[in-house]
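Number of protein chains: 2
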Amino acid sequence: MTAQNAAYELLKDGILSGRLPAGSQINPVEVGAQLGISRMPVREALLQLEAEGLVTFGLNRRPVVTTLTPKDILELFEIRIALESLACERASTRMSSADFADLEAQLGRMDRAMPDARKWIELHDAFHDMIYDRAEMPRLSEGIRQIRQTVRPYLLMYIDAYKSFEMPGAEHTGLLNMLRSGSPEQARTAVTEHIRNTAASVVYFLMNQNVGTSAANPNTSQQLEGHKK
Amino acid sequence: MTAQNAAYELLKDGILSGRLPAGSQINPVEVGAQLGISRMPVREALLQLEAEGLVTFGLNRRPVVTTLTPKDILELFEIRIALESLACERASTRMSSADFADLEAQLGRMDRAMPDARKWIELHDAFHDMIYDRAEMPRLSEGIRQIRQTVRPYLLMYIDAYKSFEMPGAEHTGLLNMLRSGSPEQARTAVTEHIRNTAASVVYFLMNQNVGTSAANPNTSQQLEGHKK
DNA sequence: AACTATATAATTGGATACAGTTACACTTGC
DNA sequence: GCAAGTGTAACTGTATCCAATTATATAGTT
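So the sequence lines, in the order shown, correspond to chains C and R.
The opening position of the first sequence corresponds to residue 463 in our numbering, with each subsequent residue numbered one higher.
The opening position of the second sequence corresponds to residue 463 in our numbering, with each subsequent residue numbered one higher.
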């Protein structure tokens with residue numbers, strides 16, 4: 463593996479897991495030292511992450527973990543609806559019975575992972591990816607995957623807040639049944655509802671947490687806590 | 463302007479204008495020399511262009527201009543339909559009369575640019591951007607812009623082939639009228655039709671040209687074209 | 001003590017040097 | 001003439017060095 467890739471993986475994992483929260487400043491030299499590499503490959507990894515929307519170059523091109531406002535997140539969910547509707551619609555006419563068996567198995571796995579939110583999300587995303595793969599639109603799948611990734615840290619915040627949160631298992635069974643019916647229209651509405659529900663919960667939660675409202679101001683980044691003038 | 467940006471602009475313009483056709487190998491040293499800079503900023507520009515889909519790193523990570531098959535292009539058009547439908551729908555409820563006046567003016571400008579295909583496309587894209595800006599979904603607008611960009615070289619090939627090609631001016635007036643009616647559903651169907659028409663023409667043309675079928679993949683010498691040379 | 005000016009450190013963009021790898025051309029033997 | 005082997009040139013990845021910019025700390029002034 464190249465140094466660039468190592469930096470990419472480290473940073474991406476840090477951001478997606480929430481270990482590097484939104485607004486965190488990233489120091490290329492520091493990251494490089496952590497991996498025993500120079501800052502050049504880190505710099506390149508940051509460029510890639512910026513393209514994916516996970517990192518933003520702030521004032522003076524200093525890299526920070528992207529901060530999303532509830533409005534941003536709502537927009538991303540709306541885009542997901544448009545994209546996943548299409549993917550679901552196309553997939554619905556291309557599913558085999560073997561696919562349905564795989565998806566059932568995946569739902570089982572999700573149920574069994576239930577207490578572990580991160581594990582559950584992993585399996586949940588894989589469940590959707592399995593469906594969208596059947597749409598045979600690789601760029602569409604990739605786009606969906608990327609948006610889901612961008613929102614993930616905020617979804618984790620939401621789930622972490624409600625430890626005893628009940629995952630919408632029933633919704634997925636419903637979605638699967640709609641797909642089994644073979645009706646593209648029903649598949650589309652099912653997935654639309656599914657995403658809209660998640661969006662509503664997450665955005666409502668974030669607005670009450672005041673996430674990404676004051677933090678959007680660069681001056682209030684948490685990194686500044688140490689030197690209070 | 464930074465060296466990285468200069469390289470980015472040069473390469474992007476080259477690709478979008480068709481001066482660097484699909485499959486062209488890009489030599490970072492060469493590009494750097496052309497701008498009086500080293501290959502490092504060029505390398506970084508290439509990373510950004512890869513993220514946008516305009517450049518691909520081929521065997522041994524050598525950068526080449528991305529080659530799209532007709533299938534890829536069809537997929538991109540389908541995604542555009544999903545995204546632009548949403549944008550149009552949202553925009554339709556947010557348009558002011560001043561916006562409509564601006565759009566009318568833009569249509570006039572497009573008509574007057576008529577013989578110059580590149581100029582026309584520029585104005586045409588701006589016309590659509592003006593509408594989508596009203597959707598107030600910046601990421602959506604950006605995504606649409608990016609996909610349109612990716613397809614542009616192929617659209618130009620199509621237009622260049624039919625010099626006397628009649629631009630679909632009437633369709634845009636129709637779209638504008640649908641927007642004026644204020645019905646999101648009608649706006650959605652109008653833009654869907656509009657894009658689908660373009661997609662059909664361009665993809666049909668490209669398939670007959672055998673663009674990106676055998677040349678795209680050195681391994682596969684398949685010919686998918688309907689022998690209509 | 002607060003304010004300002006200045007020195008110093010940190011950070012970024014970029015060039016260059018160097019190692020490892022791959023492609024290419026040129027033998028050399030058949 | 002052609003296949004295989006070999007040496008060379010080109011290319012990529014990366015570290016390091018330098019310059020310019022920006023932030024931080026320090027010292028002096030009031």
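Heads up, the beta-carbon is just placed ideally off N, CA and C, and yes, glycines get one too.
Please read all numbers here as calculations on a predicted model, not as lab measurements.
- Task: Taking C-beta pairs closer than 8 Å, name the residues in chain R that residue 599 of chain C reaches, listed in chain order.
- Result: 537, 540, 541
- In the DSSP assignment, find the unbroken alpha helix (DSSP H) run with residue 532 of chain C in it and report its ends. 532-554
- Thinking just about the alpha-carbon of each residue, which of R:524, R:586, R:619 is nearest to the one in residue 566 of chain R? R:586
- Message: Strictly under 8 Å for the Cβ-Cβ distance: is residue 506 of chain R near chain C by that measure?
- Response: yes
- Item | Exposed unless 16 or more other CB atoms sit within 10 angstroms - verdict on residue 481 of chain R | exposed
- Message: Please state the DSSP three-state secondary structure of residue 464 of chain R.
- Response: coil
- Message: Considering Cα atoms alone, identify which of C:530, C:502, C:634, C:658 is closest to residue 590 of chain C.
- Response: C:634
- What separation, rounded to the nearest whole angstrom, lies between the Cα atoms of residue 488 of chain R and residue 523 of chain R? 11 Å
- Item | Straight-line gap, residue 474 of chain C to residue 504 of chain C (C-alpha atoms, nearest Å) | 12 Å
- Could you spell out the range, first to last residue, of the beta strand (DSSP E) harbouring residue 518 of chain C? 517-519
- 8 Å contact criterion, which residue 541 of chain C and residue 601 of chain R should meet: CB distance rounded: 7 Å
- Query: Is residue 696 of chain R near residue 477 of chain R, with beta carbons less than 8 Å apart?
  - Reply: Because chain R in this structure spans residues 463 to 691, residue 696 of chain R falls outside the shown range and cannot be described.
- Residue-chain proximity (residue 671 of chain R, chain C), Cβ-Cβ < 8 Å: no
- Give the range of the beta strand (DSSP E) segment to which residue 525 of chain R is assigned. 525-527
- Measure the beta-carbon distance from residue 655 of chain C to residue 506 of chain R and round it to whole angstroms, keeping in mind my assumption that it falls under 8 Å. With 8 Å as the limit, residue 655 of chain C and residue 506 of chain R do not qualify as a contact, their Cβ atoms being about 43 Å apart.
- Message: Below 8 Å, how does it come out for the region 637-645 of chain R and the region 557-577 of chain R: are there three or more Cβ pairs, yes or no?
- Response: yes
- Item | Rounded straight-line distance, which links the Cα of residue 509 of chain C to that of residue 667 of chain R | 36 Å
- Query: If you draw a straight line from the alpha carbon of residue 560 of chain C to that of residue 484 of chain R, how long is it in whole angstroms?
  - Reply: 38 Å
- Message: In whole angstroms, give me the CA-to-CA distance for residue 660 of chain C and residue 671 of chain C.
- Response: 16 Å
- Closest Cα partner of residue 664 of chain C within the set C:463, C:548, C:536: C:536
- Task: Could you work out which residues of chain R lie near residue 545 of chain C, taking near to mean beta carbons separated by less than 8 Å?
- Result: 541, 544, 545
- Item | Bounding residues of the alpha helix (DSSP H) (the contiguous stretch that carries residue 603 of chain C) | 600-623
- Item | Nearest residue (CA-CA) to residue 437 of chain C, options C:669, C:662, C:649 | Since the first residue shown for chain C is 463 and the last is 691, residue 437 of chain C is missing from the structure and cannot be characterised.
- Is residue 518 of chain C closer than 8 Å to residue 528 of chain C when the C-beta atoms are compared? yes
- With 16 other Cβ atoms within 10 Å as the buried cut-off, status of residue 620 of chain C: buried
- Query: Under 8 Å between C-beta atoms, does residue 510 of chain C make it to chain R?
  - Reply: yes
- For residue 548 of chain R, which of R:496, R:595, R:615 has the nearest alpha-carbon? R:595
- DSSP puts residue 487 of chain C in a beta bridge; with which residues? C:526
- Message: Rounding to the nearest angstrom, what Cα-Cα distance links residue 643 of chain R and residue 543 of chain R in this structure?
- Response: 20 Å
- Message: Tell me the residue span of the alpha helix (DSSP H) that contains residue 503 of chain R.
- Response: 501-514
- Per-residue contacts from residue 513 of chain R into chain C (C-beta, under 9 Å): 509, 510, 512, 513, 514
- DSSP state of residue 591 of chain R, grouped into three classes? helix
- Please name the residues in the region 592-619 of chain C whose beta-carbon is closer than 8 Å to at least one beta-carbon of chain R, in chain order. 599, 600, 601, 602, 605
- Does any CB atom of chain C fall closer than 8 Å to the CB of residue 473 of chain R? no
- Item | Cβ-Cβ separation, residue 597 of chain C to residue 552 of chain C (assumed contact under 8 Å), whole Å | 4 Å
- Message: Against chain C, does residue 548 of chain R count as a neighbour if the rule is that its beta carbon must be under 8 Å from one of theirs?
- Response: yes
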